[in-house]
Amino acid sequence: MSNTLKTGAIIKDRYKILGDLGQGTFGQTYLAEDANRYQERCVLKEFAPQLQNKHELQKAQELFEREAGMLYQLRHNQIPCFRELLRTSIGRKNYLFLVQDYVEGFSYHQLLVEGQQFSEADVIKLLQEILPVLDYIHSKQIIHRDISPDNLIKRNSDGKPVLIDFGCVKEMVTTAIVQSTGQVIGTQVGKRGYSPDEQLRYGKADATSDLYALAVTALVLLTGKQPLDLYDSYHATWLWQEIKVSSRLKSVLAKMLANLPKQRYQSAQEVSEALLTVIPQPVSSQQPTKLPNNLPNNLPNKQPNKQPNKQPNKQPKTLFTQIATLVAAPGQTIKTTFTAVLNRKQQSTNRELKFFGLSMSIALLVVFGTVAVARGGFPTPKFPKISWSLPSIPSLPSQPSVSNTEQQRQKQIY
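Numbering (my numbering), first residue to last: 18 to 431.
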């Protein structure tokens with residue numbers, strides 16, 4: 018296009034054009050760098066509606082400048098900052114640019130085209146991170162009007178979604194043109210399949226319209242299909258059999274997609290609260306019980322949910338099992354118990370060593386003695402001979418002889 022700015026062109030001695038990002042509804046979008054901000058990259062969006070004469074264009078630009086002041090109210094980490102409205106002349110043409118921050122990353126549409134698949138957990142995370150942004154802009158009485166995978170960028174630096182290309186800007190442009198020229202233009206704000214019926218048909222949009230478009234975006238990411246492939250326009254129902262999600266997430270999305278605005282969630286905060294029932298909540302850790310300050314320092318720490326130690330029924334613990342138990346014991350218990358175990362082991366070892374030494378000494382004496390005797394190494398001990406004379410015992414006096422007559426008499430008596 019002949020009116021397209023060339024790469025390298027300098028705008029207002031400040032912005033250097035790096036490339037063309039594409040054609041917008043009312044003009045080109047350029048990538049540039051800001052010489053006043055250390056060559057930081059930014060985006061220049063041209064406001065150049067096709068009007069019949071310069072007077073109408075100038076009037077439309079003035080109205081747009083007045084209406085665009087609301088964009089400066091937006092200061093959120095997940096919304097590109099609107100820097101300024103820049104009016105300049107290049108050659109014979111007058112330009113009006115909307116300057117805003119450039120976000121490094123890929124749109125969710127680009128990620129889908131490249132084949133990335135999104136799980137239910139991925140989509141829930143996206144909803145969690147973008148709903149606070151919608152809650153913020155809605156609190157400023159601003160409706161995005163054009164939420165879709167094209168207008169959500171996954172930022173390279175932290176992976177968070179960034180909301181870009183506010184449809185309300187397009188709405189302001191349309192309003193400026195109508196007021197300046199009186200002509201009605203057929204510019205549609207929003208995308209077919211994403212925006213609800215009341216917005217596409219009647220141009221009415223509120224917070225529930227953005228929530229509707231966000232729910233459609235979630236379905237597209239979950240399935241990889243386009244909205245028209247997931248919606249039965251004849252029966253005005255969504256084809257849930259084509260969408261594999263948990264029943265709880267389905268109920269949240271279904272309410273966001275209700276045909277009537279009053280049947281939907283009325284705020285982004287309501288959706289965030291509903292999602293809390295879908296996401297498992299982490300179990301809060303139990304706070305330790307505070308002990309009085311006057312307790313002794315070596316008091317062992319009580320571990321929660323642990324049974325008291327039981328004495329073994331059969332065999333006593335060995336040194337290794339005691340040390341293994343000590344590894345799991347807390348703080349001062351390790352020091353006290355470990356010292357006691359070592360002392361008991363040392364005493365037991367000393368007794369065992371004494372008994373062992375005595376046993377070994379006896380055994381060695383027996384062995385050496387047996388070997389020495391067997392080899393004749395030790396002579397048989399000789400004892401001195403002791404002689405003594407036996408005392409003479411006097412003979413007993415002889416019994417008197419008994420006559421035969423007396424012997425017979427005694428026999429008769431006995």
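Cβ coordinates follow ideal geometry from the N, Cα and C atoms, glycine included. None of the values given here were measured: they were computed from a predicted structure.
| Check | Outcome |
| --- | --- |
| If you reduce the DSSP assignment to three classes, tell me which class Q145 lands in. | helix |
| Out of I154, R104, Q127, Q45, which has the shortest C-alpha to C-alpha gap to P97? | I154 |
| Looking at the structure shown, is T350 part of a helix, part of a strand, or coil, going by DSSP? | Only weak support is given to the placement of T350: the predicted model assigns it a pLDDT of 47, under 50, and the value that follows is read from those uncertain coordinates. Of the three classes helix, strand and coil, the one that applies to T350 here is helix, per DSSP. |
| Please identify the residue among L293, A271, N94, R54 whose C-alpha is closest to the C-alpha of D30. | R54 |
| Going by DSSP, what residues sit across from K171 in a beta bridge? | F123, P178 |
| Let me confirm a value: Q258 is counted as buried when at least 16 other C-beta atoms fall within 10 Å, else exposed. Which label applies? | exposed |
| Can you list, in chain order, the residues of its chain whose CB lies under 8 Å from that of I141, leaving out five sequence neighbours each side? | L266, L292, V295, I296 |
| Measure the C-alpha to C-alpha separation of Q243 and E79 and round it to an integer number of angstroms. | 39 Å |
| Could you have a look at K102 and say whether DSSP puts it in helix, strand or coil? | In the sequence as presented, Lys is not what sits at residue 102; that position holds Leu. Strand. |
| Quick check on DSSP: helix, strand or coil for E131? | coil |
| So, with DSSP's three-state summary, where would you put Q283? | coil |
| What does F64 pair with, by DSSP beta-bridge criteria? | None, per the DSSP bridge assignment. |
| Comparing alpha-carbon positions, which option in L247, T240, G207 lies nearest V130? | T240 |
| Please classify F114: does DSSP put it in a helix, a strand, or coil? | strand |
| First and last residue of the beta strand (DSSP E) that includes T46? | 45-51 |
| Assuming Q45 and T24 form a contact by the criterion Cβ under 8 Å, report the distance between their Cβ atoms to the nearest whole angstrom. | Rounded, the Cβ-Cβ distance is 12 Å, inconsistent with contact. |
| Tell me, which residues are paired with Q216 by DSSP? | Paired residues: none, contrary to the question. |
| Does DSSP put T254 in a helix, in a strand, or in coil? | strand |
| Measure the beta-carbon distance from K62 to G39 and round it to whole angstroms, keeping in mind my assumption that it falls under 8 Å. | That belief does not hold up - the Cβ atoms of K62 and G39 are roughly 10 Å apart, past 8 Å. |
| Kindly give me the distance between the Cβ atoms of K157 and Q90, rounded to whole angstroms, as I take these residues to be in contact under 8 Å. | 6 Å |
| Using a Cβ-Cβ cut-off of 6 Å (strictly less than) and excluding sequence neighbours within five positions of T225, which residues of its own chain qualify? | P278, R281 |
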